[in-house]
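There are 2 protein chains.
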Amino acid sequence: MMADPSVSAPKLEFAAGGGLLSRRMLLRGAAAGSGAALAALAMPRPAQAEPALPEWVTVAGERARGYGMPAEQEADVQRAIIEPFGDLARAFSLSGTPHHKLRGTITPNGLHFEVHHGGRPNLDPDGHRLMIHGMVERPIKFDLNALERYPMVTATHFLECSGNSFFNAVMPEPMQSGCDMLHGLLSNSEWTGVPVRVLLEEAGVRPEGRWVLAVGNDAPSLARSIPVEKLMDDAFVALYQNGERIRPEQGYPMRLLLPGFEGNMNVKWLTSLWVTDAPAYTKHESGEYTEILANGSSVKFTFAMGVKSVITHPSATMTMSGPGFYEISGIAWSGAGSVRKVEISADGGESWAEAALQEPVLPRALTRFRLPWRWEGAPTLLMSRAEDATGAVQPTRSSWKARYDPSNFLHYNAIQPWQITPEGSVQNVYA
Amino acid sequence: MMADPSVSAPKLEFAAGGGLLSRRMLLRGAAAGSGAALAALAMPRPAQAEPALPEWVTVAGERARGYGMPAEQEADVQRAIIEPFGDLARAFSLSGTPHHKLRGTITPNGLHFEVHHGGRPNLDPDGHRLMIHGMVERPIKFDLNALERYPMVTATHFLECSGNSFFNAVMPEPMQSGCDMLHGLLSNSEWTGVPVRVLLEEAGVRPEGRWVLAVGNDAPSLARSIPVEKLMDDAFVALYQNGERIRPEQGYPMRLLLPGFEGNMNVKWLTSLWVTDAPAYTKHESGEYTEILANGSSVKFTFAMGVKSVITHPSATMTMSGPGFYEISGIAWSGAGSVRKVEISADGGESWAEAALQEPVLPRALTRFRLPWRWEGAPTLLMSRAEDATGAVQPTRSSWKARYDPSNFLHYNAIQPWQITPEGSVQNVYA
Numbered sequence: 011m012m013a014d015p016s017v018s019a020p021k022l023e024f025a026a027g028g029g030l031l032s033r034r035m036l037l038r039g040a041a042a043g044s045g046a047a048l049a050a051l052a053m054p055r056p057a058q059a060e061p062a063l064p065e066w067v068t069v070a071g072e073r074a075r076g077y078g079m080p081a082e083q084e085a086d087v088q089r090a091i092i093e094p095f096g097d098l099a100r101a102f103s104l105s106g107t108p109h110h111k112l113r114g115t116i117t118p119n120g121l122h123f124e125v126h127h128g129g130r131p132n133l134d135p136d137g138h139r140l141m142i143h144g145m146v147e148r149p150i151k152f153d154l155n156a157l158e159r160y161p162m163v164t165a166t167h168f169l170e171c172s173g174n175s176f177f178n179a180v181m182p183e184p185m186q187s188g189c190d191m192l193h194g195l196l197s198n199s200e201w202t203g204v205p206v207r208v209l210l211e212e213a214g215v216r217p218e219g220r221w222v223l224a225v226g227n228d229a230p231s232l233a234r235s236i237p238v239e240k241l242m243d244d245a246f247v248a249l250y251q252n253g254e255r256i257r258p259e260q261g262y263p264m265r266l267l268l269p270g271f272e273g274n275m276n277v278k279w280l281t282s283l284w285v286t287d288a289p290a291y292t293k294h295e296s297g298e299y300t301e302i303l304a305n306g307s308s309v310k311f312t313f314a315m316g317v318k319s320v321i322t323h324p325s326a327t328m329t330m331s332g333p334g335f336y337e338i339s340g341i342a343w344s345g346a347g348s349v350r351k352v353e354i355s356a357d358g359g360e361s362w363a364e365a366a367l368q369e370p371v372l373p374r375a376l377t378r379f380r381l382p383w384r385w386e387g388a389p390t391l392l393m394s395r396a397e398d399a400t401g402a403v404q405p406t407r408s409s410w411k412a413r414y415d416p417s418n419f420l421h422y423n424a425i426q427p428w429q430i431t432p433e434g435s436v437q438n439v440y441a
Numbered sequence: 011m012m013a014d015p016s017v018s019a020p021k022l023e024f025a026a027g028g029g030l031l032s033r034r035m036l037l038r039g040a041a042a043g044s045g046a047a048l049a050a051l052a053m054p055r056p057a058q059a060e061p062a063l064p065e066w067v068t069v070a071g072e073r074a075r076g077y078g079m080p081a082e083q084e085a086d087v088q089r090a091i092i093e094p095f096g097d098l099a100r101a102f103s104l105s106g107t108p109h110h111k112l113r114g115t116i117t118p119n120g121l122h123f124e125v126h127h128g129g130r131p132n133l134d135p136d137g138h139r140l141m142i143h144g145m146v147e148r149p150i151k152f153d154l155n156a157l158e159r160y161p162m163v164t165a166t167h168f169l170e171c172s173g174n175s176f177f178n179a180v181m182p183e184p185m186q187s188g189c190d191m192l193h194g195l196l197s198n199s200e201w202t203g204v205p206v207r208v209l210l211e212e213a214g215v216r217p218e219g220r221w222v223l224a225v226g227n228d229a230p231s232l233a234r235s236i237p238v239e240k241l242m243d244d245a246f247v248a249l250y251q252n253g254e255r256i257r258p259e260q261g262y263p264m265r266l267l268l269p270g271f272e273g274n275m276n277v278k279w280l281t282s283l284w285v286t287d288a289p290a291y292t293k294h295e296s297g298e299y300t301e302i303l304a305n306g307s308s309v310k311f312t313f314a315m316g317v318k319s320v321i322t323h324p325s326a327t328m329t330m331s332g333p334g335f336y337e338i339s340g341i342a343w344s345g346a347g348s349v350r351k352v353e354i355s356a357d358g359g360e361s362w363a364e365a366a367l368q369e370p371v372l373p374r375a376l377t378r379f380r381l382p383w384r385w386e387g388a389p390t391l392l393m394s395r396a397e398d399a400t401g402a403v404q405p406t407r408s409s410w411k412a413r414y415d416p417s418n419f420l421h422y423n424a425i426q427p428w429q430i431t432p433e434g435s436v437q438n439v440y441a
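Just so you know, the protein sequences line up as chains A and B, in that order. Take 11 as the starting number for the first sequence in my numbering and just add one per residue. Take 11 as the starting number for the second sequence in my numbering and just add one per residue.
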């Protein structure tokens, strides 16, 4: 059904080139923001006739069950299994969240990304212990039941692998994959657990204790050094994920949660917090998670993930369903705090319009942004650019690349451009 | 391990009788709030020795997978199947969220409560349509693909069946069950979908259109009348639940979301919005969801759920693990807006202490409250009492019962008292 020419709709308010409309259109009661404006735009309508009475209305449905699952028609909404390492894949195991198939900000637990250095252990929660020892007055050992009686905190935070988006960082030509492969090592959950501060204070950290080595109860005993200040600030031992017990692949029965810090430091299957006076420089921190700069020097510790955004709708592998109205939608985040602003360009960076941010905007959590848009069916280069509360702005790919040795793929946070062809195909490009 | 007498811990600050401590203890940097205070309390410690090297550390773990599931050790964390209706159970089908096994505020999708009047239809999303018709200028029909292009909104809201907690309302003696059976027809999700306002404005509601009959695409064609004002305010057609497509038992592929309104009005498998000038008085609204008052008159439409709270930790069916420190934890909500205050009594209502509310406190969403507590091992009657932003306060059971005909079990929002025996057993009581 095309627009009804008899409708006198409000005039559309454009905010930038390429058909970007004002975010004010999304406000309740806005003159140009009403659904009436949509009546003036070509919107898709179902074409084929449907049966008078669908078959499923004529029979009794299924009864209630103990634990629900997604609709079988959604069976393709899965994490993408990523195996880019050849023989290294024997140790590493990765899967990415399909952000182009999700809306909102929470990642459902079944779709939270995975990066395992030695697989997901088949851990017995009754035999699992968390020790706090080293430079403390009173070493303490906890089991799960003990921690259940402690004060808890609930907070929504993203986790992002420091190697997220590595294909864009190092591939000479842009890979044509969805947001699951390209940016899927990123998820967002409501976590609940015990503040590390409470546990460290009970143990009594000695004045010389400045660092803590966190160790996982998995085959590689993944270990990372963390400044005591972060642990005394907002860190917690997460026991629950979106309400229920933390999932096996996210560290069941407990993981470290360091809001904003790179993923692998949030040690899964956490079993030991060893208070020391200096970093341990473990293989996992020196050998695997160090960035080499353009001048050949290495950055030993890059804790917080940089400010970043990705348009998820539309995004690569999608096809536009004809010209007309769309809502551009995406996610933005920063390890340094809250997202302050997201701008969108539909003309390759010539002009930018500010997107609407979904409230509540929470620090170190995914923020959903949206902007109304009229696509004319012309070739279009879409980009999003996020700014966080510290004023940091997402770089272009070329300025990001200039900072590092060509081999580096860690902490890649460049702008993601999507090229839309006149036929409506959406492609990953470097621009 | 008992408390170490050599530790000089801060003095505990009590806030009310029965061992209730001040919520200020939970604040970062609080003098009495530090973990050091816990060192002065008897806290449980793991008793038995554990193996030097757990077996699971000696072997490679499982690899990444497409869609994750809870740990097999958590197999008992299920929705409770509730079948209280005898032969009526052929049509009705219910399951309750196990809030006593959850923390945080989000309900994971697999554990969202269910109330089906004719079962969960095996609906083909490609054959499903949403019609807007009746007193409108331009009747419109949408399929799922069409709605995907519309502006969307994301919001976290609870849903509560108006019959939630019905065992407490009508059973002559308090039933000894967990929070899944007693209060489980309540869940909380982040929903994403298209504002109904946008769709109604595009269709153009005629001046005489004051009500909308919403109809579900299931066997009983469940239908409810809704004032146009609510639909033009904060209502939306939800397509996503905690990020992923809405689950079959919550209305896949779309349901109505009326923030704060009683559950069944949030029509699942939504297929029709019929604009009318008066309510339809369907069987589902007049026959099933009308409260009979003590004076014999009936209340036809009670839209918003009342202010309410439940302590989930500890709660009925649990056993305390010995005297000492605990954190009392629970959930509070109101269909009228935000929760303003939750008070807790540990002496049967003699004295009350204000609980800490977990930020962000969102309107018409579950709010987690917490209060530190030292249980001395004595008989204790625990209660929580919520107050919302409108000043409404949760009633006692006897004052709630006095308002209604004895048969009424709808909109029960009375205070839930838990009796703790000296042996640590937690029981449901009327008090």
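Every residue gets a Cβ at the ideal spot worked out from N, C-alpha and C, and that includes glycine. It should be emphasised that the depicted structure is a prediction, and the values quoted were computed from it without experimental measurement.
Roughly how many angstroms lie between the CA atoms of residue 434/A and residue 338/A, to the nearest whole one? 14 Å
Enclosing alpha helix (DSSP H) for residue 413/B [first to last residue]: 407-413
Neighbourhood of residue 276/B by C-beta distance below 7 Å, restricted to the same chain and skipping five residues each side: 169, 265, 266, 267, 268
Straight-line CA distance for residue 416/B to residue 427/B? 20 Å
Counterpart residues of residue 231/A in DSSP-defined beta bridges: For residue 231/A, which the question treats as bridged, DSSP gives no partner whatsoever.
Are the CB atoms of residue 106/A and residue 90/A nearer to each other than 8 Å? yes
Where the beta strand (DSSP E) containing residue 438/A begins and where it ends: 436-438
Chain B within 8 Å of residue 126/A, Cβ atoms only: yes
Which class does residue 294/B belong to by DSSP, given the choice of helix, strand or coil? helix
With a cut-off of 8 Å on the beta carbons, I'd call residue 122/B and residue 187/B a contact; round off their distance for me. Between residue 187/B and residue 122/B the Cβ distance is about 19 Å, and since that is not below 8 Å, they are no contact.
With a cut-off of 8 Å, do at least 3 Cβ pairs link the segment 72-86 of chain B to the segment 257-264 of chain A? yes
Go through its chain and collect everything with a Cβ distance to residue 151/A's Cβ below 6 Å, but skip five positions before and after it. 139, 141
Quick one: using the 10 Å Cβ neighbour count with 16 as the cut-off for buried, is residue 436/B buried or exposed? buried
What's the call for residue 111/B, buried or exposed, on a 16-neighbour Cβ count within 10 Å? buried
Cutoff 8 Å: residue 120/B Cβ touching any chain A Cβ: yes
Between the segment 351-364 of chain A and the segment 124-139 of chain A, can you find at least three pairs of beta-carbon atoms closer than 8 Å? no
Closer than 7 Å by beta-carbon distance: list the chain B residues that pair up with residue 153/A, in chain order. 56
Mind listing which residues of the segment 65-79 of chain B have their C-beta closer than 9 Å to chain A's C-betas, in chain order? 65, 66, 67, 68, 69, 70, 71, 72, 73, 74, 75, 76, 77, 78, 79
Can you grab the Cα-Cα spacing for the pair residue 156/A / residue 247/A, in whole Å? 13 Å
Contact list for residue 380/B against chain A, beta-carbon separation under 8 Å: 161, 162
Just the chain B side, please: which residues come within less than 7 Å of residue 417/A by C-beta, in chain order? Those do not exist, as residue 417/A stays about 24 Å from chain B at its closest Cβ, beyond 7 Å.
Taking residue 71/B as the reference, give the member of 74/A, 191/A, 227/A, 178/A with the closest Cα. 227/A
Checking 8 Å against the spacing of the C-beta atoms, do residue 419/B and residue 345/B come in under that value? no
Go through the segment 113-174 of chain B residue by residue and report every complete run of the alpha helix (DSSP H) that reaches 4 residues or more, in order. 154-157
Of the residues 125/B, 86/B, 431/B, 184/B, which one's Cα is nearest the Cα of residue 407/B? 184/B
When you compare the CB positions of residue 342/A and residue 325/A, do they come within less than 8 Å of one another, or not? no
For residue 79/A, which three-state DSSP category applies? coil
Report, in whole angstroms, the separation of the C-beta atoms of residue 403/A and residue 317/A, which I expect to be a contact under 8 Å. 7 Å
Report the rounded CA-to-CA distance for residue 165/A versus residue 149/B, giving the unit in angstroms. 44 Å
Exposed unless 16 or more other CB atoms sit within 10 angstroms - verdict on residue 30/B: buried
Taking buried to mean at least 16 other C-beta atoms within 10 Å of its own C-beta, is residue 245/B buried or exposed? buried
For residue 18/B, I'd like the list of residues in its chain whose CB is within less than 8 Å of its CB, leaving aside the five on either flank, ordered along the chain. Unreliable positioning characterises residue 18/B in this predicted model, as indicated by a pLDDT of 46, which lies under 50. A coordinate reading is not provided.
Can you grab the Cα-Cα spacing for the pair residue 378/A / residue 114/A, in whole Å? 6 Å
Buried or exposed: where does residue 38/B fall if 16 or more other Cβ atoms within 10 Å of its Cβ makes it buried? exposed
Give me the residue from 387/B, 279/B, 234/B with the minimum Cα distance to residue 311/B. 234/B
Have a look at residue 15/A and residue 236/B and give me their C-alpha separation to the nearest angstrom. Note that residue 15/A has pLDDT 38, beneath the 50 cutoff, so the model's placement of it is unreliable and no number is given.
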